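In this note's numbering, the protein residues as written are 3 to 305. Heads up, the thing below is written out as structure tokens.
Here's what the structure looks like:
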């Protein structure tokens, strides 16, 4: 196992969040994570069925991301899907959210609920994947303490196994290879080189659904990194500009309309000024005539 990855700064940091804050973080990160995962798994084609925010029966329990593997249509995938069985449950934690043993208990509860509601008989048909930017050291320590073996399978991917138990994996997005950028870059630490690389991937997307998923990912990355000086030029990158062309067109339309409104208001102001000047001239003329009339009346009084 790589000491560099497990001992990396930030791996043990956990922030306490209120329920409202937890929900706000979930609403911010989870749609982008699901979109990124769907883009990564798109190479499997119809071999996989993707379910985002999968609800278990009528209960308010939901799995972050569920991948159902169709055995008869499987083709080789990347390291991320190496442990896949029939039903593959994902739990994603955004930066700052804790990933401890209670999350493992929750995922096991989801497995048993899924078995009960969907009529699945065998536990070995399931896998669990935990995803987090930094390594969940406490959870990994607890796994070892309970007799699980943790093996580094690839950069940022660790398999967690124990005889008689469901196969699991831990994905540390920070250390994933660039081919997983769609979820690796869901952070506020993106570099200019990384965003340029991702913009090229975005520019290569032709399918409208994939482009929509990419927009979801880029939208979060932009919001997390827009304070960086270099990121202010992100709109000029071809891939991103192309993805958000409709949005840019709408902004251009609004700006154009605002420009037309300003021009119209300026014209109205100019017209009003001319009218006022005209009235001032008329008032001056009337005053002059009134003055002359008064003078004539004065002369008449003398005679």
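A virtual CB, placed ideally from N, CA and C, is assigned to each residue, including glycine. Everything numeric in this text was worked out from a predicted model, so none of it was measured.
Residues near residue i in its chain [Cβ-Cβ closer than 8 angstroms; skip 5 each side]
i	result
residue 3	Because residue 3 carries a pLDDT of 40, less than 50, the predicted location of this residue cannot be relied on, and no value is offered for it.
Length of the line joining the Cα atoms of residue i and residue j
i	j	result
residue 202	residue 269	46 angstroms
residue 144	residue 234	43 angstroms
residue 184	residue 176	12 angstroms
residue 66	residue 157	23 angstroms
residue 197	residue 213	16 angstroms
residue 103	residue 86	22 angstroms
residue 138	residue 69	23 angstroms
residue 169	residue 128	7 angstroms
residue 191	residue 263	41 angstroms
residue 121	residue 37	28 angstroms
residue 115	residue 93	15 angstroms
residue 11	residue 135	Only weak support exists for where residue 11 lies, its pLDDT of 37 falling under 50; the value from the coordinates is given anyway. Roughly 11 angstroms separates the two Cα atoms.
residue 17	residue 140	Since pLDDT at residue 17 reaches only 43, below the 50 mark, its modelled position is unreliable, and no value is offered.
residue 112	residue 199	37 angstroms
residue 82	residue 229	32 angstroms
residue 109	residue 211	29 angstroms
residue 98	residue 220	20 angstroms
residue 101	residue 146	16 angstroms
residue 209	residue 267	44 angstroms
residue 273	residue 260	20 angstroms
residue 1	residue 31	Any question about residue 1 goes unanswered here, given that the chain covers just 3 to 305.
residue 117	residue 123	7 angstroms
residue 265	residue 271	10 angstroms
DSSP beta-bridge partners of residue i
i	result
residue 71	50
residue 169	129
residue 152	162
residue 89	70 and 128
residue 56	65
residue 174	134
residue 95	134
Residue nearest to residue i in terms of C-alpha spacing, selected from the options
i	options	result
residue 164	194, 149 and 229	149
residue 96	110, 116, 189 and 108	189
residue 80	211, 197, 229 and 39	39
residue 174	86, 142, 194 and 196	142
residue 171	98, 106 and 273	106
residue 162	181, 132 and 200	132
residue 46	84, 126 and 64	84
residue 43	260, 266 and 182	182
residue 166	180, 126 and 100	126
residue 119	30, 271, 64 and 100	64
Neighbourhood of residue i by C-beta, 7 angstroms cutoff - its chain only, sequence neighbours within 5 removed
i	result
residue 289	none
residue 285	none
residue 216	41, 204, 207 and 245
residue 187	196, 200 and 223
residue 178	157, 158 and 186
residue 180	199
Residues near residue i in its chain [Cβ-Cβ closer than 6 angstroms; skip 5 each side]
i	result
residue 194	232
residue 90	69 and 129
residue 218	33, 34 and 37
residue 280	none
Using 8 angstroms as the threshold, is the stretch 46-53 in touch with the stretch 209-226, meaning 3 or more CB pairs across them?
Flag = no, the stretch 46-53 and the stretch 209-226 do not touch.
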